[in-house]
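Chains as they are written, first to last, in the working numbering: chain A, 21 to 299; chain B, -15 to 239.
Note that the Cβ used here is the ideal one computed from N, Cα and C, for glycine as well.
This structure is a prediction, so every number in the text was calculated from the model and none was measured.
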C-alpha cells in the first residue's frame, strides 16, 4: 500500500504497482481542490472563518506564531521542541525498560504466564485516566507528563518485545543448536535478529501512542508545548492558532513515524517480508 | 492447547495478580509507602464504594458507555462504509485516501478545542472526539483489507460468473473481514483511551469525570478505583467484541 509497488517482499511484481502515478496525481489534485474550495467558501462567507479558519488565515496565524509567538513570546519552535522533548524522554524511558524486561519475560514461560494478566490489564488502563493520579503524586510539572507518556508507550512496547522473543520459529533455534552454537550465540545471532522486526513494529506503535498521550498530558499545568498551544488558543478564541497547532503535531507525528519506517528498512533488511505477515 | 495446560496457564496468572496485590497491600500497610498518597487496594475499593454510592457509580459507567457506543458506532459504521467503498472503487480510493492520510496523524485529543467550538460543551463534542478515535483505525484497516484481497480469489469468482454487487458482498468483503475486525478492535481500544479526555470537557457524569472530580476533592481511593474501573470495563467489553468477532468472522479466517 505504502510501498512504491515495484517489488513485493518476495521480489515478485505486484499487480497493483505500475498504474500508481495517475491515482496519486488525482489525489493530490483533489486535496488541492478541497483547500481552494475551503478558501473560496470562506471568502464567500459560506464557512465562518471563526469556525473553519481558511488557509489564508492559517498562514497568517503561522506567521504570527513564528515571529511573535502565542502566548506572547512563546514561538512555535519552542512549542515543538518542548513537546518533542517530553515525548522523547517518556518514550526512551519506556523503550529502555521494556526491551530488557520483555526479553526476560519472553524467554521464560513461567514469567510469561505470571505476568500475562497483569500486562493485559495494564494495557487496558486508559493512560489518560492516570492523569489525576500522577498529578496528586508528582504535581503538575514535567515529571507527570513524561511519566504518562512513558506509561502509554511502555505496555505497547513490552507486549511486542515479548511476542517477538516468544514466537520465534523453534526450528531456527534447533538448527543453531545442531550447529553447536552457545546459548549466548543463539541469543545474539538467532533470537535477537528474529525478534527485532516485531520490536520495531512495537516501537512505531508506541511512538504513535506517545503523540496521542502528549496532547492530553499538556492540557494540565503548562502553556508550552503543542498540546498546550492548541488548548490555550481556544480560551482566547483563536481557532486559527488551534488548527495550526493541530497541523504541526500531525506533521511531526507523521514525519517521525515515516522516519522510523525508513530506519527499519535500512537496519533490518533481512526481514522485509514481515511487512506482509504482520497484516 | 489442552485443557489442563490452559488451566495451568491461567492459574499462574492468578498467582501473579494476587502476588502483585499482596505486595501493594503489604507495602502500604507496613508504612513503607504513605497510605494517604498510595492507599492499599482494599482501602481504595472500600473508600471509593463508601464515597460513591452504587447508583452514582452505575450512572458514571452507563454515561461513559453510552458516549463510547455513540462515538464508536458512528465512527466504525462510517469507517467500514468509506473503507470498503474506497477499496472497491479505485477512483474513489484515490480521492479519499490522501485526505484520510492527511487528517489521520492528528491525535483525536487535539480536536477537543475545535469540537467544543463546533458542537458546544454538550454530548456531541465528546461523542465527536470518540468518533475520531474509532473512525481512523477502522477506515484504514477496512481499506487495507479490501485492497489486499487476493486477486486470484476475485478472478476465480468472476470465472464462475459472479460480478458486481455479488462479487463485492460474497467474495471481497468476507475476504477483507479479518482486517476489518482488527480495525474494530483497535478502534474500540482507542475510543476508551480518548474517553477520559473527552469527559474533561465540562462533563457532570461519566467515569472520566468521576476521577477528575475526585482529584479536586483529594480522594485518591476514588481515583485508583476509577482507573481500575475504566480498565476493567475496557477489558471486558474488548473481550466481548473479540468473542463476537471470533464467532462471526472466525469461519473466514484461515488460521
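Spanning the alpha carbons of residue 201 of chain B and residue 95 of chain B requires a straight line of approximately 28 Å. Residue 0 of chain B is positioned such that its CB atom lies closer than 8 Å to that of residue 135 of chain A. Taking a beta-carbon distance threshold of 8 Å, residue 222 of chain B counts as an interface residue toward chain A. Using a Cβ-Cβ distance cut-off of 8 Å, the region 96 to 113 of chain B and the region 256 to 273 of chain A are in contact, since at least three pairs of beta carbons, one from each stretch, lie closer than that value. Taking 8 Å as the threshold, the shortest C-beta distance from residue 76 of chain A to chain B does not fall below it. Judged by DSSP in its simplified three-state form, residue 220 of chain B adopts helix. At a cut-off of 8 Å between C-beta atoms, residue 91 of chain B counts as an interface residue with respect to chain A. In this structure, the beta-carbon distance from residue 113 of chain A to residue 166 of chain A falls below 8 Å.
The beta carbon of residue 218 of chain B sits closer than 6 Å to those of 176, all from its chain and outside the five residues before and after it, given in chain order.
Cβ-Cβ distances below 7 Å link residue 204 of chain B to 21, 23 in the same chain, with the five nearest sequence neighbours on each side left out; the list follows chain order.
Residue 71 of chain A reaches chain B at 101, 102, counting residues in chain order whose Cβ is nearer than 8 Å.
Counting only runs that start and end inside the region 16 to 73 of chain B, there is no beta strand (DSSP E) element of at least 3 residues. For residue 186 of chain A, the closest of A/266, A/212, A/62, A/196 by C-alpha to C-alpha distance is A/212. DSSP places residue 219 of chain A in the uninterrupted alpha helix (DSSP H) bounded by 212 to 237. If you draw a 10 Å sphere on the C-beta of residue 125 of chain B, you find 16 or more other C-beta atoms in it, and that means buried. Within the region 46 to 107 of chain A, the runs of alpha helix (DSSP H) that reach at least 4 residues and sit entirely inside it are, in chain order, 75 to 87. No residue range can be given for residue 183 of chain B, since it is assigned to no alpha helix (DSSP H) and is classified by DSSP as neither H nor E. It is roughly 10 Å from the alpha-carbon of residue 142 of chain B to the alpha-carbon of residue 150 of chain B. Assignment of residue 191 of chain A by DSSP, reduced to helix, strand and coil, places it in the helix class. Spanning the alpha carbons of residue 86 of chain B and residue 34 of chain B requires a straight line of approximately 48 Å.
Note on geometry: alpha-carbon atoms of residue 57 of chain B and residue 139 of chain B lie some 34 Å from one another.
Residue range 107 to 131 is occupied by the alpha helix (DSSP H) that includes residue 123 of chain B. Under the Cβ distance rule, residue 207 of chain A does not count among the residues neighbouring chain B, no pair being separated by less than 8 Å. Counting only runs of 4+ residues, the alpha helix (DSSP H) found wholly inside the region 153 to 202 of chain B occupies 157 to 182, 191 to 200, in chain order. In terms of Cα proximity to residue 69 of chain B, the closest of B/152, B/45, B/162, B/233 is B/152.
Interface annotation, residue 1 of chain B: in contact with chain A, CB-CB separation under 8 Å. Interface flag for residue 236 of chain A against chain B is set, since a Cβ pair is found closer than 8 Å. Residue environment analysis places residue 252 of chain A among the buried positions, since at least 16 neighbouring C-beta atoms fall within 10 angstroms of its C-beta. Between residue 54 of chain A and chain B, the shortest Cβ-Cβ separation is below 8 Å.
Measuring C-alpha to C-alpha distances from residue 170 of chain A to each of A/202, A/184, A/214, A/118 identifies A/118 as the nearest.
Near chain B, meaning a CB-to-CB distance below 8 Å, the residues of the region 266 to 281 of chain A are 266, 267, 269, 270, 271, 273, 274, 277. Judged by DSSP in its simplified three-state form, residue 111 of chain A adopts helix. Taking 8 Å as the cut-off, the Cβ atoms of residue 206 of chain A and residue 215 of chain A do not count as close. Within the same chain, and ignoring the five residues on either side of residue 208 of chain B in sequence, the residues whose Cβ sits closer than 6 Å to its Cβ are 28. Comparing alpha carbon positions, the residue from B/230, B/229, B/233, B/192 closest to residue 46 of chain B is B/192. Using a Cβ-Cβ distance cut-off of 8 Å, the region 38 to 55 of chain B and the region 177 to 190 of chain B are in contact, since at least three pairs of beta carbons, one from each stretch, lie closer than that value.
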